[in-house]
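Inspection log for the structure reproduced underneath, given as structure tokens.
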Amino acid sequence: MGGNKQKQSSISRFFARKKAVAAKAKKASSTSANSSSGSSTGASKFFGGASSNGDGTNGTTSQATKPAAPLSPKITKAVDALSDFLPSTKRAKTDRASTPSKPAVAGAKPDIATSSAKRKVELSPVPEKSAKLDVHSFLRADTHKQRKSATGLPGFEVPKGAKLTPLEQQFLDVKRKHPNSVLLVEVGYKYQFFGRDAEIAADVLNIFCASGHNNFKIASIPVHRLFVHVRRLVDAGYKVGVVKQTETAALKKASANKSKPFTRKLAAMYTKGTLIGEDVDVGDDAADVNETGYLCCLCEDIKDEAGENTTVGLVAVNCTTGDLIYDEFSDDVSRAALDTRLAHISPVEVLLPKNLHSRTARLIHAFHSDGVREERLSDDHFDVTRAASVITDFFSDSPHTASPTAATPPSPSSKSTATTTSAAAKNATIVSTMLSLPPRVLACMAALLHHLKAFNLERVLALTSSLRRFTTTGREMILNACTLKNLDVLREQSTGSHQGSLLWLLDHTCTSFGRRLLRHWVARPLVSFTDIEERQRTVELFSSAFQTGADDLRSLLSGIPDIERGLLTVYSQRSSPREFHALVTAMSRVREHFVMLQAHSVLKRSSLLSKLVETVCDALETATNYVGMMKKEAAEKNDKIDLLVDCHHIFPTKRPLEEQLTTVKHELATHKRTICRTLGLNAFEYTCVSGEDYLIEVPRSRSSIVPKDWRTISATKQKVRYRSQFIHERLEVMAQCNEQLQIDAAEAWRKFMESFSASYDELRRGIKALATLDCLLSLAHTAKLPGYVKPTLLSHAPSGVGGNHAGEGCNHTSTPPDATTTTSSSSVHGGSGGGGGGGGGVQSVRGRAARKSSAPHLHIVNGRHPMVAAVLDDQFVPNSTHMDGDGVRCMVITGPNMGGKSSYIKQVALIVMMAQLGCFVPADSAELTLVTNIYTRMGASDDIERGQSTFMTELREASEALCNADTHSLVIMDELGRGTSTHDGVAIAHATLKYLIDKLRCLSLFVTHYPSLAEVTALYPQHVLCSHMSFVEQQDDDKQAMAANSALNKGAGVHDNGDNDDDDDDDDDGDDDDVAALEIITAGDTNDTTVREGATTPPPPSTSVPPSAQPPQRVLFLHQLVKGLAKKSYGLNVARLACLPESVLARATEKSHELECVVQARRRSEQQSNMELFAQALLQTEDAQSAVNLLSAIQHYKA
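Counting in the working numbering, the sequence shown runs from 1460 upward without gaps.
Given below as structure tokens:
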């Protein structure tokens, strides 16, 4: 109700102001009309009418003979609305469209009393050089200028000459220094917002914004809810400043400032990248593991205008954990290298120079959709020449060092951390190390230093022990941004959420710091054989022999807070006593458990586990010493005065002040005798009401005996409460002592945290060991899932395997019982589900004493997609993969749309990643050599924010793979070339496939809808295997089903129709190969599979059904990878599933049949030469498996 009244009041004031201005305008127009015949009326002035040149002639004389320019409907409507506020111009509104235009006569006076239609005609056209027509300009008049000129801050205008209150003046003083921040000002028991800040707070926090009070709009929140609202404003992308009172009422009375307002100053500033301190609630880190909290600063050295050769410097700092990442690298026009680094770091805030190349700015802007905040600094802060002096000055100050060498321990019992090296020498070493960084990195470091000083967080940059280069490691692979996205490593691609990603599957961590480390592990799998084996050994122990101990560790870690962030909070001197006590108590409890664990025999079975336990015990010893230096009860109350035990060396004023307080209390107790004599009482006790102590309560009937110098504090109908002058004086002394105690206790607390921070590096090392254990426990939890096995890592691949077992690159399982036709391939390979054939191949490898080879090797039996299998459980159809660098190193995979091709190649890449994480994998068995990196080309979507079309995005991903992959890389490409015309797409796909096989010689999975790529098999029969995802056509006719079953009984095998969306023939008919229906039988020896392409035996031509009467074929996907090349994608089946109109489906079916006939006719003229090519290759091969590969590829060309 109050809001409606306020709104009505605002509307009334608005219309009153408009009427006043209109009256002023009317008076001015009448005066102008009487003074000159060539002048305009007041109304015409407001609407760009003719004006006098000052020489007696009209400014629009040259247009006097032309008709007036017609006004737009919007302006016409505005004219009618404004006429209601001009008393002398109110008139009936008529239809302007029916009024003919009349030429304007130079020097003629407009008739104000005429109708609105006539007035419209007589208005002169707007001069060409005039500003854009603004019909509301007169409403603003000079008021806006007057309000803005008073403060110079948009959104905080006050009327010119208005008197500001002292509080408002304090607010404006701070606001001018921080105009881009939302300020909260402490006023008693609440925090207030003013002006535009109040409007923002009302919108984001859903609180009430009051207007009409003093000069600004006001919104407020209670003090105890500050940490909640600061977090909400920061999450909304705002920079938030907290302005606090620096003096209390008691100290103010005793100071020379007692007649002035409370002194206030900016106490803290917060953004997404600097959210640390007592005023914020960091929230639950489990809500989004990808919220890393990094503040990323970058600059660039552009060598050409196009930005094709750019050197980029980058520094990322996590102000909540102390992690520092830097790198300097060269990037091309696509900014792929920068994209990869930002995808890994996942910053919440970026700091940029004002001048940035458009391509870089476009890439940064694409991250805004993820809530990344952007802030620009002057280019001067990124000056490379002055960066060295800025860094030298900062690191030369000993107070900024991470581990102060001269830190005094708070108690003789604490362990000394002082070293023999002097502080100056240590700082000189740090300065030398920092100056050796690349120049662009130094520039970013200097800019970050300037930025963080505004938040009092510059000390974080002094943590050089946490400094690491993004690319200086030979132990991890760095997955590029495309791979992270395409494989759903950190986020599920379609939704962008954590759920459904590989990280989601593996994340069973118990702590926030363990979860952050696991994210790093998942995005950067290991490439060190020794490191992977150590992880595997520990994970195996936790999931089997030491399972009980692992459960105890999980229980222990689940009960501790985020001690990594807590440690940095203490180092930044922003921790409260409650947080600090919880931190050291948790560290002490963890250490006690690990000390007992040191005697366990299981440590002898894992060097990694033994090392981690020892590190935790040694590094957390300091925390144990600090537990006994604090009182638990005082810590829980955040009482800094009574917090520390034996603190005379850092809190020397505590005892004198407490003694003085005791004396004052004794004097007040003695004063009760005087009160008794004054009031004639035998006994007396002070009264306490609503927090007011030492009150003298007297009945109203006896108030006449109260001395005149007693002050009335409060009263009721029956009683009156007083204080004597003596009590007032003693209470002032007591308040001053208490305030001084608070100030001195805060200083002692700061020194206490400083002494604890001296052991920061050591404590951080222990926390990292705990995080590693948490990650290993998480991987052990995954290892216990059904169907997961420990992969076998090979330092070298056994040679001679590829030729014998490449043909077993597919797993065959029984067809679902409701399918019309069934597969006979599983019986051929000797085992239900194909496990027998694949497993036998791997066993023969392990049993053979083969010579070592450096070629890559990958054998997976019955592998499953980790995330999809976790959702589908037993419904998932597994598939096997057998590839070797010396044998089949490339698989060309075809099949119908929605058949499972993309899921299969993702499955292979994810299993390789999990194996090199040290994790168990979803398969019956897995054996592989180390992969140096994984590159992907998948999906079909444009990137408008980065200015890239669908095809450009496709080729950029392919280019990154071809330019960076090596022999030991794994490359998967999904439908390369589909974003352009058929001919160009086939050409690019063919050239790329040949480059992967012949030049890179890496393991590659190539999904395509171009069957003509089977020609590559003839060139490399030993290294290329054609496979497809099998399926069956569901039959509606019983006779056709009987014919199909009859064909199966004769050994026809699986009836598989392939997929082909595009064609490589030189024609303009589009996807011609997609409609090719060929029936081919590939025969081998007794171990070969007979495969028939075509769901049923075609009826004789005389009995064929007209194409227009045939519905789209229904397809049942088997999701099994089988040998052979598919030729149809069954796009019409997908169209049916998408519920396209029946008329569209019928016409598409008819057109598909027509195109099929055309393609078959054209192929007959080319088929002979293609068959000769395959026949020649078949004659030249001496390898049986290569011959099978050739026969599988011939399907596309055999008539």
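Even glycine gets a Cβ: it sits at the ideal position worked out from N, Cα and C.
CA-CA distance, Lys2458 to Glu2416, rounds to 18 Å. The C-beta distance from Leu2071 to Leu2232 rounds to 5 Å, short enough to meet the 8 Å contact threshold. The stretch 1971-1985 makes contact with the stretch 2225-2242, as at least three CB pairs between them are under 8 Å. In the three-state scheme derived from DSSP, where H, G and I count as helix and E and B as strand, Ser2047 is classed as helix. In this structure, the beta-carbon distance from Ser2486 to Val2581 falls below 8 Å. Within the model, the alpha-carbon separation for Thr1819 versus Asn1768 is close to 12 Å.
Under the DSSP assignment, Cys1755 falls in the beta strand (DSSP E) whose first and last residues are Leu1754 to Ile1761. According to DSSP, Glu1833 shares a beta bridge with Val1809.
In the three-state reduction of the DSSP assignment, Asn1777 falls in the coil class, being assigned neither a helical nor a strand state. Burial is judged here by how many other beta carbons sit within 10 angstroms of a residue's own beta carbon; Met2055 has fewer than 16 and is exposed.
In terms of CA proximity to Thr1970, Leu2235 leads the group Leu2235, Phe2335 and Arg1996. For Ala2328, DSSP assigns no beta-bridge partner whatsoever.
In terms of CA proximity to Gly2025, Leu2042 leads the group Gly2018, Leu2015, Arg2037 and Leu2042. Lys2113 is the residue among Ser1793, Lys2113, His2427 and Glu2386 whose C-alpha sits nearest the C-alpha of Glu2198. Rounded to the nearest whole angstrom, the CA to CA distance from Glu2092 to Val1900 is 47 Å. In the three-state DSSP reduction, Gln2057 falls in the coil class, being neither helix nor strand.
Burial check for Ala2204: the Cβ neighbour count within 10 Å reaches 16 or more, so the residue is buried. Below 8 Å, enough C-beta pairs join the stretch 2464-2477 and the stretch 2425-2442 to call them touching: three or more. A Cβ-Cβ separation of about 7 Å places Ala2594 in contact with Ala2607 under the 8 Å criterion.
Contact check for Asp2343 against Thr2391 fails: the beta carbons are separated by 8 Å or more. Per DSSP, reduced to three states, the secondary structure at His2316 is strand. Using a C-beta cut-off of 8 Å, the stretch 2173-2186 makes no contact with the stretch 2063-2082, since fewer than three inter-stretch Cβ pairs fall below that distance. DSSP places Phe2335 outside any alpha helix (DSSP H), giving it a letter other than H or E.
In this chain, the beta strand (DSSP E) harbouring Lys2582 covers Val2574 to Lys2582. For Gln2195, the uninterrupted alpha helix (DSSP H) run begins and ends at Gln2184 to Ser2216, by DSSP. At least 8 Å separates the beta-carbon of Val2327 from that of Ser2361. Of the candidates Phe1721, Asn1673 and Leu1643, the residue whose Cα lies closest to the Cα of Val1687 is Leu1643. Linking Gln2177 to Glu2156 through their CA atoms gives a straight-line distance of about 10 Å.
Spatial neighbours of Phe2143 in its own chain (CB-CB distance under 6 Å, excluding positions within 5 residues in sequence) are listed in chain order as Lys2131, Ile2134 and Cys2135. Under DSSP, the beta-bridge partners assigned to Ile1680 are Tyr1650. Minimum Cα-Cα distance from Cys1758 among the listed residues Pro1898, Val2029 and Phe1972 corresponds to Pro1898. Spanning the alpha carbons of Arg2159 and Ala2174 requires a straight line of approximately 9 Å.
Where Gln1629 is concerned, the enclosing alpha helix (DSSP H) starts and stops at Pro1625 to Lys1636.
Rounded to whole angstroms, the Cβ separation of Val1807 and Gly1736 is 16 Å, and the two are not in contact under 8 Å. Nearest Cα to Leu1926 within the set Thr1942, Leu1965 and Thr1780: Thr1780. Looking at the DSSP output, Arg2180 bridges to Glu2156 and Ser2173.
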